Amino acid sequence: MGLKEPVLFNDIIGWRHRGATGPQVAKVLDDGLALMARPFEQGEAIIVKPSSIANPMIPALMALRPQSRAVLLHAPLADYLTSIARKGMEGRLWVRDLLKKLLREGMIDLGIASADYLGLTDIQVAAIGWLAQHMQFQKLAGALGDRVVTLNSDMFIAKPSESLGQLARHFDLDTHMERISAVASTDLFNHNSKKW
Numbered sequence: 022m023g024l025k026e027p028v029l030f031n032d033i034i035g036w037r038h039r040g041a042t043g044p045q046v047a048k049v050l051d052d053g054l055a056l057m058a059r060p061f062e063q064g065e066a067i068i069v070k071p072s073s074i075a076n077p078m079i080p081a082l083m084a085l086r087p088q089s090r091a092v093l094l095h096a097p098l099a100d101y102l103t104s105i106a107r108k109g110m111e112g113r114l115w116v117r118d119l120l121k122k123l124l125r126e127g128m129i130d131l132g133i134a135s136a137d138y139l140g141l142t143d144i145q146v147a148a149i150g151w152l153a154q155h156m157q158f159q160k161l162a163g164a165l166g167d168r169v170v171t172l173n174s175d176m177f178i179a180k181p182s183e184s185l186g187q188l189a190r191h192f193d194l195d196t197h198m199e200r201i202s203a204v205a206s207t208d209l210f211n212h213n214s215k216k217w
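Note that our numbering numbers the sequence shown so that position 136 is 157, with each residue one more than the last.
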């Protein structure tokens, strides 16, 4: 069962920015994870896909659940920037909000003075956010070892059966190749949303 971008994570990030302490955040995050981990059906595995805004909490999430595993899915830079540009004003505002939050989390250290970020174009801001998240993904992959795999969205679209098989093994899911192939042949894998 997949949970797409639970608002709880975004709310906790906002709460942190409004002054919540580490222990307060850890308690609420732990309780939230316990609720999200409850299966809807017996034997079901729950996989949570947080929004990018929640990426600063990945270390805390992984520490609170030492048995958990993660997939760090990323799009190539050109695809990501095209996707942001296509979204128009909504995308431009989103990347600026993301940059503001990543700066508050201390995730951006590129030698640029804080005031100079205001002079960047929306696409430059998007590229900085993409780079900051890739830097974080590289650190996480190094620190967490086999608990983390990275997956390029182009590879996921080009080889869905192989990618889904790898993910099933990573999450210790008892899924047969016939089922994986059936899922991979659906319309879901006909295009990459970052490209279109």
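Just so you know, even glycine gets a beta-carbon here, dropped at the ideal spot from N, CA and C.
Bear in mind the structure is a predicted one, so any value in this text is a computation, not a measurement.
The closest CA to that of P27, considering only L165, A58, K70, is found on K70.
Rounded to whole angstroms, P77 and L123 show a C-alpha spacing of 8 Å. About 16 Å separates the Cβ atoms of D137 and V116, ruling out a contact at the 8 Å cut-off. Leaving aside the five residues that flank F30 on each side, the residues in its chain whose CB is nearer than 6 Å to its CB run, in chain order, P71, A75. According to the DSSP assignment, G109 belongs to the alpha helix (DSSP H) that extends over 109–125. Between the beta-carbon of I105 and that of L131 there is about 18 Å, and that puts the pair past the 8 Å contact cut. For M176, the closest alpha carbon among the candidates D167, R168, V169, G186 is that of G186. For A41, the three-state secondary structure derived from DSSP is coil. Our two residues, E62 and A189, have alpha carbons roughly 18 Å apart in a direct line.
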